[in-house]
Amino acid sequence: MKLKKGIPVIDQGDRLGFWGGKFGGNFVPETLKKPIEDLEILFNKLKKDRNFIKERDKYFKNWVGSPTRFIKLENLTEYVGGAQIWSKVVSDANGGAHKIYNATVHCLLAKRSGKKVICGDTGAGYAGKMLSMSAKKFGLKCKIFMGAKDIQRQQPNVRAMKKNGAEVIPVYSGSQTLVDAVSECMRYWVANCDKVAMCVGSTVGPAVFVRICGWSTSQISRELKTQLVDEFGSVPKKLKLYNCVGGGSSSFGF
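Each residue of the sequence shown is one higher than the last, beginning at 35 in the working numbering.
Printed below as a string of C-alpha cells:
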C-alpha cells in the first residue's frame, strides 16, 4: 500500500474501510451494520471537533498522566556502544499501560452517543482493567468478557476490574481464552447494540475500531515528537524507532 501525503494513516483506507485492498473492511452480521455506521459517523465528526479534542486532551493530561517520560537508557547505551538508546515510558500512564488511551476515548464516545453501558473483551486483563477504570471515571456500567482459563491466570487484573465496579463475565466455550471472549463479547453487543457501546482493545475487528484505536494511542507519538525537539532541537534524521507488536494497539499509535 502506497501512503498518500498529507493524510493521517487512519484515514488512508478507502470508503469501505480497506487499507491497500487487503486489510480492514467490516465483516459483520447485518444487525451490526447500522451501529457500526453510526459509530463511524460519530467518530469522523468528533475527531475534527475542537471541543472534543480539547476534552480528550484534558483527560489525557489530568487523568491519564500525559506526557509520559522520555528517558535515556544510559547504562544500556554505554554497554552496547554507538547510538544513544532512549525509551518512551508509556507504562507511566494511569493503570500502567497504553490501553488507557483507547479506553478513555471509547468511553467519551459512549457518553456522546448517549450509551450508559460499555462492554469489552480482555485476555491478559490489561484492556479490561483500563476499560473498567475509564468506565468508572465516566459513570458507565461496564461488562468485561474474559476466558475462564485467563481468569484463573490473571487474578490481580480480575480483582482490579471488579474493584472498579465492572462485571467480569467468564467464557467457558472453546479454548476459554481471548479468542472466545472476543466472540462472546461480540454476540452480546449484537443483541444489545441499541443501548450498549463496545470497546475493542486493539487494532482488530471492523475498520472503525482500528481507526479509533490508532487515533487514541497516537498520543504516544504526539508526545514523542515534542520530546525529541525539546531534547535534540529537532527530530534526528537518523532516528530509528522500535516497538513490540501483539494486537497492534501501541505500534499503530506509535
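Note that beta-carbon positions come from the ideal geometry of N, C-alpha and C, so glycine has one too.
Item	Value
Proximity test, residue 45 beta-carbon vs the ligand MG heavy atom, cut-off 6 Å	Among the ligands in the structure shown, none appear at all, so the ligand MG cannot be discussed.
Beta-carbon proximity list for residue 234, same chain, < 6 Å, skipping 5 on both sides	243
Straight-line Cα distance separating residue 219 from residue 199	18 Å
Given 8 Å, three or more beta-carbon pairs between the region 162-176 and the region 125-144	yes
Contact check, residue 156 vs residue 178, beta carbons under 7 Å	yes
First and last residue of the uninterrupted beta strand (DSSP E) at residue 239	Note, residue 239: premise wrong, no beta strand (DSSP E); not H, not E.
Residue 248 classed as buried or exposed, judged by whether at least 16 other C-beta atoms fall within 10 angstroms	buried
Validate contact between the region 181-200 and the region 157-165 using beta carbons, cut 8 Å, 3 pairs	yes
Own chain partners of residue 208 with C-beta closer than 6 Å, once the 5 adjacent residues on each side are dropped	214
N-terminal and C-terminal residue of the beta strand (DSSP E) that residue 230 is part of	230-233
Cβ contact (3+ pairs, closer than 8 Å) linking the region 123-138 and the region 50-65	no
For residue 252 and residue 266, the rounded distance between their alpha carbons	21 Å
Own chain partners of residue 43 with C-beta closer than 8 Å, once the 5 adjacent residues on each side are dropped	37, 248, 286
Rounded C-alpha distance that separates residue 117 from residue 111	7 Å
Endpoints, the alpha helix (DSSP H) within which residue 286 is located	283-287
Nearest-angstrom Cα separation, counted from residue 113 out to residue 281	31 Å
Through-space distance from residue 121 to residue 100, alpha-carbon basis	15 Å
Euclidean distance between Cα positions of residue 41 and residue 47	10 Å
Proximity to residue 56 [Cα-Cα], best of 241, 73, 268, 271	241
7 Å Cβ cutoff, residue 39 in contact with chain C	Note that chain C does not occur in the displayed structure, where there is just one protein chain.
Where the beta strand (DSSP E) through residue 105 begins and ends	104-106
Reference residue 93; option with closest CA among 274, 76, 236, 139	139
Host alpha helix (DSSP H) of residue 41 (start-end)	Residue 41 -> no alpha helix (DSSP H), and no H or E assigned at all.
Pick from 107, 137, 98 that is closest to residue 125, judged by C-alpha positions	98
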